[in-house]
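Quick notes on the structure that follows.
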Amino acid sequence: MASMAANKLVVFVLLALLGSSNGDGYTSPGSIAGGLTVGHYKGTCDRAEEIVRDAVKNAIRGGGGDRGVGAGLIRLFFHDCFVQGCDASVLLDPTPASAAAPEKAGIPNLSLRGFEVIDAAKAALEGECPGVVSCADVVAFAGRDAAYLLSGNKVYFDMPAGRYDGRVSLASETLPNLPPPFAGVDRLKQMFAAKGLDTDDMVTLSGAHSIGVAHCSSFSDRLPPNASDMDPELAASLQQQCSSSSSNGGASGDNTVAQDVETPDKLDNKYYRNVVSHRVLFKSDAALLASPETRSLVSSYAESQRQWEEKFAAAMVKMGGVGVKTAADGEIRRQCRFVN
Ligand code: HEM
């Protein structure tokens, strides 16, 4: 408990130190006064955060629980925030009335998972306090809770809330806004900066690649016969896993592999050790070691789990402030898959 409290304190200090406005319209934690507040549902839906945490816990730890879903929820939060801001636009299903395909149908989002956990949390919330808790906040709370559970309760932080749900969701906006696995540092920097996030945030948030899986098609450009700086032993193992006809590729034949060979189910700083030892999947991961701009932070995180945990918590909160909508341009959806 004591370390949890210390962690929270550090996050608040970091929040106070973070800038309030980035000049391009996005809100960041410093601008909590601009909308988001910690404990936002106190008085209107007291158990809101508890209900979301129960749904996440049940999905990860319950009967048939799956830690992979936790990875999916952290990624869902990132993909939500980078397209149209953190407004649950990623959750919208196609409808006969919608003219264009929603974000969900965009190429980078085809492998997202965890939607059913959001649905379960929202259903429980609507039972308790209908029309109060936004789907965007459910996604943010769920990402926070998954980080807590997958890190063995080490990554612990308050998530400011009060986001509204958006009504616009376009598949065509996914590729221009979500960084591809073959991006180098310059492109990564620029795509994060476009959301008001800096280079350190980008390095820090990439640590989420210490959990979950990737499809072989996402990194096959780095496997032989193509040249890459990947550790040859890892490259050989990946090649074998990617060419095997085991069941994990499903009908597509595009197999999945663990992102972190050391501790695939634990959100920890092993990702940075893997970056240092050339044992990462994507070019975007490897690029963090290749560039002098990011290398020193990678080394520092590889050495200090605690430092990374604290920075990761703060960066998740900062990401949660990207492009937040208000009552003026959003709504509180009744069902997360459809606009009201
Ligand atoms: C820095 C730029 C990033 C790039 C280029 C990138 C790219 C990718 C790709 C290609 C995958 C695998 C998809 C697949 O093949 O199925 C993936 C998985 C994942 N990413 Fe990222 N990502 C980035 C940043 C982030 C951030 C900021 C987070 C969250 C804070 C994140 C969390 C995850 C997680 C948890 C997974 C595993 C998901 C699962 O197992 O379902 N990524 N990422």
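Numbering (mature numbering (1 follows the signal peptide of the UniProt record, and there is no 0)) for the sequence shown: -23 to -1, 1 to 317.
Note that beta-carbon positions come from the ideal geometry of N, C-alpha and C, so glycine has one too.
Across the set D198, L127, V301 and E150, the C-alpha of D198 shows the shortest separation from the C-alpha of F159. Of all alpha-carbon atoms in L87, V116 and E80, the one lying nearest the alpha-carbon of A97 is that of V116.
About 18 angstroms separates the CB atoms of G91 and K243; that is not less than 8 angstroms, and the two are not in contact. In the structure shown, the three-state DSSP call for E239 is coil. When C-beta atoms of the region 44 to 64 are compared with those of the region 116 to 127, three or more pairs fall below 8 angstroms, so the two segments count as touching. With a beta-carbon spacing of about 7 angstroms, T21 and C106 fall inside the 8 angstroms limit used to define contacts. With the rule of 3 Cβ pairs closer than 8 angstroms, the region 197 to 215 counts as touching the region 249 to 267. Taken atom to atom, the span from the alpha-carbon of F55 to that of A304 is near 22 angstroms. At a threshold of 7 angstroms, A185 counts as near the ligand HEM, since its beta carbon sits closer than that to one of the ligand's heavy atoms. If you check the CB distance, V299 and K172 come in under 8 angstroms. Residue burial is scored here from C-beta neighbours: Q217 has fewer than 16 other C-beta atoms within 10 angstroms and is therefore classed as exposed. Measuring C-alpha to C-alpha distances from M136 to each of L152, S146 and D114 identifies D114 as the nearest.
Taken from the Cβ of I37, every heavy atom of the ligand HEM lies 7 angstroms or farther away.
Excluding the 5 residues flanking it on each side, D245 has same chain C-beta neighbours closer than 7 angstroms at S128, S187 and Q282, in chain order. Annotation for A191: the continuous beta strand (DSSP E) segment containing it runs V190 to H192.
Counting along the chain, the unbroken alpha helix (DSSP H) around V253 starts and ends at K247 to V253. Residue pairing of V234 in beta bridges, as defined by DSSP: A191. 8 angstroms or more divides the Cβ of L147 from the Cβ of F59.
Not a single heavy atom of the ligand HEM lies less than 7 angstroms from the C-beta of L211.
For the 8 angstroms CB-CB criterion, V94 and A32 form a contact. From the listed residues H255, A291, S88 and L211, the smallest Cα separation to T181 is found for A291. Per DSSP, I51 is one residue of the alpha helix (DSSP H) stretching across R44 to F59. Taking A119 as reference, the option from S149, D57 and Q61 with the minimal CA-CA separation is D57. Nearest in C-alpha terms to I84, of all of S277, S221 and P157, is P157. R144 sits away from E280, with the two beta carbons spaced by 8 angstroms or more.
Less than 8 angstroms divides the Cβ of V253 from the Cβ of S276. Between V162 and Q236, the C-beta spacing is not below 8 angstroms.
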